[in-house]
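One structure below.
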């Protein structure tokens, strides 16, 4: 009897599918190998970048420490002193003007032991030491004759331990 093939499939199509599936496996394998190699390369690259970042951070910390130590602090301190001196120079009735006028009109035999200045009220308080009451009176009269001062008052006097008298004068600037 004769063999009759009742299937609708062609005889060569099974071979073609097997060839397509083997080429798909080959492409998938190649892609898998590329992915694994990429992961390995990226992990090494990440380690290299982390070490470069650590080196850069330590270099930054070292340079920052060098900038904030030693003579640089002196420069910063010097700059802040310049700002303070500029502010003092701009003030009217500044401390230097007061001290110049006090020095100019200080009577011989009197010396200043303390100085306080209230900028808001323009009041100078001087604690002075003199030998006797006559010198204290001459000192008050000397300050009263200065046009720079509007009011001069004797606040207190007391006998000094080392001799002489200690007296407190309050002077109001114009």
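Residue numbers (this note's numbering): 205 to 378.
All residues carry an ideal CB built from backbone N, CA and C; glycine is no exception.
Query                                                                                                                             : Result
Reference residue 350; option with closest CA among 305, 300 and 272                                                              : 305
Span of the alpha helix (DSSP H), counted from its first residue to its last, around residue 302                                  : 299-308
Residue 376 versus residue 354: straight-line alpha-carbon distance, rounded                                                      : 6 Å
Member of 308, 303 and 338 whose CA lies at the smallest distance from the CA of residue 321                                      : 303
Option in 334, 352 and 346 with minimal Cα separation from residue 367                                                            : 334
Neighbourhood of residue 364 by C-beta, 8 Å cutoff - its chain only, sequence neighbours within 5 removed                         : 333 and 370
Cβ pair residue 316, residue 330 closer than 7 Å                                                                                  : yes
Chain-order list of residues whose beta-carbon lies under 8 Å from that of residue 310 (same chain, five-residue window excluded) : 316, 343 and 346
Residue interval of the alpha helix (DSSP H) (run including residue 343)                                                          : 337-348
Proximity below 7 Å, CB of residue 373 to CB of residue 358                                                                       : yes
Residue 351 - DSSP class collapsed to helix/strand/coil                                                                           : coil
Beta carbon of residue 356 nearer than 7 Å to that of residue 348                                                                 : yes
Euclidean distance between Cα positions of residue 323 and residue 272                                                            : 35 Å
The ligand ZN heavy atom lying under 6 Å from the CB of residue 226                                                               : You won't find the ligand ZN in this model; it holds no ligand whatsoever.
Local Cβ density within 10 Å of residue 328, reported as buried at 16 or more and exposed below that                              : buried
CB-CB length for residue 352 against residue 326, believed under 8 Å                                                              : Their Cβ separation, rounded to whole angstroms, is 11 Å, which puts residue 352 and residue 326 out of contact at 8 Å.
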